[in-house]
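Novice: Dumping the structure here so I can ask a few things about it.
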Amino acid sequence: GIGRDVFAPRARVVRPATDPPPPPPPPAVPWRHSLALPPAAFLALLPCGVRPVKDPTWLSAAIEHYNASCPAPPRPLYLCIIGPVLDRPFAEHMRAQIESEYPHTLVHDALPQQELYEAIRQSDAVVNTSLSEGLSNVVLETMHLRTPLLVRDILGNTAVVRDGETGLVLRSPAQIGAAVAALADDAVRCHLVGAAHAYVCAEHSFEREQQLYCEAVRDAVAAAGG
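When we follow my numbering, the leftmost residue of the sequence shown carries the number 902, and every step to the right adds one.
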């Protein structure tokens, strides 16, 4: 058989592909309206399965500070955590903390995939606050959907999100205000979503994934003397 020593010097990275389906017909009432936000609100969406590793309230205290620091911010900032509960005791504690401490953090039940795509389109940014994880499919889907990304500085995020190029990387919650201010500039916003969309189409298409797998197989066979 082909031993491990054959593959070791020829390891390859095959980036996973993603390609969200076309958008559904617009709903009678846009999803965002169901949140009853102020008209000018900046909505940061956090799609995640609610459990400790996702650290969903990582930004919540900083968001309260941001909104309180200006009596009438031009765009009050809201965070919406959306997704299934995967750790019930943790989720119950999180909800209780949000109700008592974080009035600008909302919690929403999971949505079907197509409705989640629509929620991403209607948000001002998508955030990823995980303590650690591999490559998040939501990050790739958000790039396809041309919504700006604000991500925590972890390897799974920075493998695809280049700060100031394909999204904004947050090294601490205190940077959320500066990130929101940056996205208020239409030129910055257009550059970020354009570069992110170009990147995901070039590097995470099904054609590219297939090409890389075929190259890996050909190289392995050649190295084995096939």
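Yeah, the Cβ is synthetic: ideal placement off N, Cα and C, and Gly gets one too.
Treat the numbers as computed from the prediction; the structure is a model and nothing was measured.
1) Enumerate in chain order the residues of its own chain whose CB-to-CB distance from D1025 is below 6 Å, with the five nearest sequence positions on each side excluded.
2) Give a yes or no on contact between the segment 1044–1052 and the segment 1084–1101, applying the rule of three or more CB pairs nearer than 8 Å.
3) Runs of 3 residues minimum, wholly inside the segment 1031–1098: which ones carry the beta strand (DSSP E) assignment?
4) Thinking C-beta only, is A1085 closer than 9 Å to L1069?
5) Mind checking whether Q1023 and W959 have CB atoms under 9 Å apart?
6) Between which two residues does the alpha helix (DSSP H) holding H934 run?
7) Excluding five sequence neighbours on each side, which residues of the same chain lie with their C-beta closer than 7 Å to the C-beta of R1090?
8) If you follow the alpha helix (DSSP H) that L947 is part of, which residue opens it and which one closes it?
9) Please go through the same chain and pick out, in chain order, the residues whose beta-carbon is closer than 7 Å to the beta-carbon of D1054, but skip the five residues on each side of it.
Specialist: Straight from the coordinates:
1) F943, L944
2) yes
3) 1050–1053, 1069–1071
4) no
5) Cβ atoms of Q1023 and W959: not closer than 9 Å.
6) Counting along the chain, H934 falls outside any alpha helix (DSSP H), and DSSP gives it neither H nor E.
7) P1049, L1084
8) For L947, there is no enclosing alpha helix (DSSP H); the residue is part of the beta strand (DSSP E) that begins and ends at 943–948.
9) Hits under 7 Å: V1070, L1071, R1072.
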